[in-house]
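From first to last, the protein sequence lines are chains A and B.
This note's numbering numbers the first residue of the first sequence as 1206 and each following residue consecutively.
This note's numbering numbers the first residue of the second sequence as 29 and each following residue consecutively.
Following: one structure in structure tokens, then a few remarks.
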Amino acid sequence: MKFFLPLLLTSLTANAKPLSIEVVHNTAREIDNALVSAQIKQKITPNPIVDDATFVRRAFVNIIGRTPTLNEAKHFIDSKDPEKRFKIVDKLVQTPGFNSQLFNFWTDLLRVKTRNETAGLGWHVWLKNAVNKNMPYDHMVNHMLSAQGHVADNPAAGYYLRDRGMLLDNVSNTVQVFLGQQIGCAQCHDHPFDDTTQMEYFQLAAFLGGTEYRFQGGRDKIKELVGVAPGKNKNMMGMANMSRKERREMRQKMKGKLQKARDLGSVFRYHNRNALYDNPQKELKLPKDYQYDDGKPGENVKPGFLFGLETKDIPPTQRRKYFAKWVTSPKNPYFTKVIANRLWKQAFGYGLVANPDDWSNSPDPLFPEIVDLLEKAMIAADYDLKQYLRILYQTKLFQRQVTSESPAPGFSFHFAGPALRRLSGPQLRDSLITLLSGNIDHNTDESLQKSWTKYVTSFKALMKADQQQLAAIDKASDYSEVERRKVQKEISQLNTQMRKAKGEGDAALVKKIQQQIRDTRRLANQKTAKEGKNMMDMEANQVPIAMMAQAATRRRAPRSRPDHPENHLRTSELPTPANSGSTVAQFGGTDAESPSSAHTDASVPQILRLLNGQETNLLTDRGRFANHLRQQKTAKDRLQFLFLSIYATYPSKTDQKQFLSEVQTPQDAATLARAMLTSNRFLFVQ
Amino acid sequence: MTHLQLDPESRRDFLSSTARAALGVSIGGAAASWFNSAEAAEAIAKSNGKAKHVIYLYMAGGMTHIDTLDPKPEAPSEYRGPVKAISTNVDGIQLGHHFEKTAKHADKMAIIRSMNSTQGAHAQGNYHIHTAYTERASLTHPSLGSWANKLDPARLKSTLPPFVTVHAGNRHPGAGFFEPSLAPLPVGDAEKGLQFAKKKKNISEKQFNRQIALRAKLDTEFAARFNKGQRNVRAYDEMFDAAVNLMKSKDLEAFDLSKETKETHLAYGTEKFSKGVLLARRLVENGVRFVEVQYRGFDWHSNNFTQADEKLPVLDQAYAALLTDLKQRGLLDSTLVVIATEFGRTPLIDSDAGRNHFPKAFSFALAGAGIKGGTVYGATDKTASNVITDKTSAADFNATIAAAMGLNHDQVIYSPSRRPFKMGGKTGQPIKEVLT
């Protein structure tokens, strides 16, 4: 056997290239060996290896986030290739399904809200591209934590803009998500259980002490064009050093310019929600009710790191860069281990450190040596998450039977095998849609990306406009703002009428009002476009550019296709979080309110949906699946079709004995299919 | 093997039930010996379990106290902001000016102005208020609604679930370590009500029954392997039975808001929250014991007052309409209405016209069954920054709800790991001053 570290270390130079098969296999074996010898010491017997059917279902669900299709399952089970388990893992990590699954992991952990201002859309699209391009984890986090300026220039800034106005909460979440520590309590008082004091909390937050939510680029542009920036100008033209009289005269002189700056500045009215600025003069202050001896209330706080790491003189303009660097440094005692443990949980259903969000309050891990090993593997894989996960999926542990008892909360898990898990919200929805439509992993909904690209283009055009163009754009955008409000008012009145009609159960009237709303919107858009064009007092060939630029002065609501099973799209192609009442939300998909809010708890509405919902009806009544089922000629064919499609297995002898008599007619087979969709055997992944 | 051997699970059950029997804690009815103070016993005896139902309105995100239930008209403007205090139908009780309609119901309300906790982050605060305990890695504590049904398992109407949440977020503690049947039924959108509760028309009763029988058969092997050791697997079996029962319920119309008149709809308001409150009334009317309706988006770190202008009138209208409606239907004598949230907001307004998290002082409201209306309990200082009298914890508050329902807040229930827990938390005591 080759040694683990030297092999991996050689991969350090080969950035972003897949690890060689040998490296992956040897590392996986290293992990297995270390685990088994630790387990033997603790008298834990590893579980036996699962059969092909169990493995193929587990591999598909874990790696690409959905159950296998009939053909995928059959092909794998029928294959005589002794290497087939290794091969399928290596194949699956290269498919778009892998990205889909990982993207869902991020939206849950990072609380992505696609519909939250323009920044939400930009960040969503950026994150998706980062996953699709397999951006190394440390780069990804560094990009987000050090992002500056406007989201159109740097969409990773969406990470901070997600919590606009809530900088302290953002800091708590950053430390929880990337470093696995809960320091939120120290926002108000010394942490009762951990070591973090309120002072330490504020010192850490002080790295973000200069961060403001505003668009400096817009101000700079106006200043460049008009001579002064809009808004407060405390030290305009060196006024601070002038006498009172001089100042008055200066103000008089500047009056026209200030007015103009204010006027033109309104084109950027929505941009402060979508940009960050680091004000070098600003520092974080201790809260007014600070109660400890190590600082005075209201006093400025200098930045300082947690975990006793030293800070040198930090230039005020570089605070967030230093912060990002500290979080993502391989020397940070938690950064690498935390993501290694989170992905371990993704692969095996439970963390080596039991609570990945709260290391300090987790019981001591049973296998600290594995945690160390994973940290090394992650660093050696250069934070390439795909390669890291590939290693975990190539372990023997990933092939072992799940444990019959679930991990006991508050205890470290013994990992005799992986934990039994229910399909997650997105996994369940995507599995149902795959049953309905076949493999849809390659389908993409470009509308979010397109919507974003369009915005960026118009933003760039806006930033390039000269004074005259900007004045025209301003006029048109003021006009369209007034119109927008008018229309909004009309529509909200119509909405009230519609709610009333709904309340009265007048379906015809509801329909009529819905049409009215659509018409109102369409007519208003046409009108503002036409009028806006007329207002563009410039050469005809300039007008389209100015119109495009004007689009960036408006608020943007991302359009996307509604979540419908016949859309043939994976959950990861839709805006997040899923609407309440949707399949994903009902089955515990993320609500994007707190990190890792997704859950797999049972509820009555879930069962009702499986019993009587749209997906089940489509599957058994009129969809493609129903047709295929009808085409099966014999009872045996029907049973095999259902078992391979829904359970990814051939019916066993017992299954045949029990169920052949139940599928004598296609209609009876449909009833069995409906029963299968509500069974625990379907909902859980062994 | 001939001798009887208990597997670990049943041994645990056996031990805990012996423990319970020894302590006399699993017997129903009121017995003074349960209480750790005569005062509390008296409070419970007095309330006489008037509240058969609870409608628990939860303002998610942390509702500002100084702008709503604890206005400070005398405070400097950097605290008070543009919010004015208005008089109510009870002398001496004032509310923030957004609560214009609520002000006409102050005679039914008890306002607790001395809430205090140490949980200043959303998830932890939310957990603490719902459970009266602080979050632990080792177990999830049950939330109020599950406690109520645990302590008094007799269902008011057998075909509807005893605990429903409306518009609740993912982080609801639900039944905690209690059995899954005590978990709330979550309604994601009040206007849609309970979806998919009707069997498809082209599926016959016979087919449907066959489908149910087949499910059990399909899971035989799976159940043998996992039911004992996996709580979530058992939960799905229980939920399945509950769902099938619910489909047969004659009371499903309780979930259907279209049965309400136009006037009622308009009285409650047109927002999603308004519909949730209306649904709560329908459910209570149909025998649901505990309904929690959440109103999200109270985390006003910036533009506190613009957001107040948007959201508070919605709460005001729905709350006032609910009290009026319950009263008219004769349900207010048996229904307790609660306003709760995870914490208050910093009374000193910050540079973005925002208010930040403030667990040191905040306000809750109780109204209806078992509650002494026209009461204010506890007080904060001149700027609503510190509790100066009758400091009240989440545990006390939950114990008060228990008392109003005629439940023993001090009854011990053991977790599967055999640790003792109570509806009123470790130390909670009912506030007798607000109970009738």
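Ideal placement from N, C-alpha and C gives every residue a C-beta, glycine not left out.
Values in this document were obtained by computation on a predicted structure and should not be read as measured data.
Close Cβ partners of residue i (< 8 Å) along its chain, the five nearest in sequence each way excluded
| i | result |
| --- | --- |
| VAL1576 of chain A | LYS1542, ALA1545, ASN1546, LEU1557, VAL1558, PRO1570 |
| THR187 of chain B | ASN273, LEU274, LYS276, SER277, LYS278, ASP279 |
| ASN255 of chain B | VAL261, ARG262, ASP265 |
Own chain, CB closer than 7 Å to residue i, minus 5 neighbours either side, in chain order
| i | result |
| --- | --- |
| VAL192 of chain B | PRO212, LEU213, VAL215, LEU311, VAL316, VAL319 |
| TYR1660 of chain A | THR1323, ALA1357, ALA1757, ARG1761 |
| GLN335 of chain B | TRP328 |
| GLY501 of chain B | This structure leaves residue 501 of chain B out entirely; chain B is present only between 29 and 464. |
| THR1649 of chain A | GLU1778 |
| PHE1473 of chain A | PHE1420, GLY1423 |
Residue burial classification, residue i (beta-carbon count within 10 angstroms, cutoff 16)
| i | result |
| --- | --- |
| HIS1647 of chain A | exposed |
| GLY325 of chain B | exposed |
| SER1685 of chain A | buried |
| ARG1892 of chain A | Nothing about residue 1892 of chain A can be read from this structure; chain A reaches only from 1206 to 1891. |
| GLN1891 of chain A | buried |
| LEU1728 of chain A | exposed |
| PRO1535 of chain A | exposed |
| VAL1687 of chain A | exposed |
| GLN1811 of chain A | buried |
| ALA1434 of chain A | buried |
| HIS1150 of chain A | Missing from the structure shown is residue 1150 of chain A; chain A here goes from 1206 to 1891 and no further. |
| GLN1592 of chain A | buried |
| PRO1871 of chain A | exposed |
Whole-angstrom C-beta distance between residue j and residue i, which should lie under 8 Å
| i | j | result |
| --- | --- | --- |
| SER171 of chain B | HIS158 of chain B | 4 Å |
| GLY90 of chain B | GLU338 of chain B | So it is not a contact: roughly 16 Å between Cβ atoms. |
| SER302 of chain B | GLY1615 of chain A | So it is not a contact: roughly 41 Å between Cβ atoms. |
| ALA160 of chain B | HIS195 of chain B | The pair is not a contact, with the Cβ atoms about 23 Å apart (cut-off 8 Å). |
| TYR1598 of chain A | VAL1294 of chain A | 4 Å |
| GLN1299 of chain A | ILE1269 of chain A | So it is not a contact: roughly 10 Å between Cβ atoms. |
| LYS287 of chain B | GLU281 of chain B | 6 Å |
| THR1839 of chain A | GLN235 of chain B | THR1839 of chain A to GLN235 of chain B, Cβ: 21 Å. No contact. |
| GLN322 of chain B | ALA88 of chain B | 5 Å |
Contact with chain B by residue i, beta-carbon distance below 8 Å
| i | result |
| --- | --- |
| SER1377 of chain A | yes |
| MET1881 of chain A | yes |
| PHE1889 of chain A | yes |
| ALA1853 of chain A | no |
| VAL1809 of chain A | yes |
| LYS1732 of chain A | no |
| ASP1256 of chain A | no |
Start and end residues, alpha helix (DSSP H) containing residue i
| i | result |
| --- | --- |
| ARG1461 of chain A | Before going further, note that residue 1461 of chain A is Gly rather than Arg in the sequence given. From DSSP, the alpha helix (DSSP H) with GLY1461 of chain A extends over 1449 to 1470. |
| ARG1814 of chain A | 1809 to 1817 |
| SER391 of chain B | No alpha helix (DSSP H) holds SER391 of chain B; the beta strand (DSSP E) holding it covers 390 to 396. |
| GLU1429 of chain A | 1421 to 1431 |
| SER1656 of chain A | 1652 to 1669 |
| HIS195 of chain B | Here HIS195 of chain B belongs to no alpha helix (DSSP H), and DSSP marks it neither H nor E. |
| ASP1313 of chain A | 1301 to 1315 |
| HIS156 of chain B | 150 to 159 |
Other residues of its chain near residue i: CB distance less than 6 Å, five sequence neighbours each side excluded
| i | result |
| --- | --- |
| GLY124 of chain B | ASP95, THR96, PRO99, VAL111 |
| ALA178 of chain B | For the record, residue 178 of chain B in the displayed sequence is Lys; it is not Ala. Excluding positions up to five away in sequence, the list reads PHE206, LEU210. |
| TYR1342 of chain A | ILE1544, TYR1588, LEU1590 |
is_contact[residue i, chain A] using C-beta, thresh 8 Å
| i | result |
| --- | --- |
| MET267 of chain B | yes |
| HIS329 of chain B | yes |
| LYS245 of chain B | yes |
| GLN239 of chain B | yes |
| HIS293 of chain B | yes |
| TYR161 of chain B | no |
| LEU343 of chain B | no |
| VAL261 of chain B | yes |
| PRO189 of chain B | yes |
Proximity test, Cβ basis, 8 Å: residue i and chain C
| i | result |
| --- | --- |
| LEU364 of chain B | Of the protein chains in the structure, A and B, none is chain C. |
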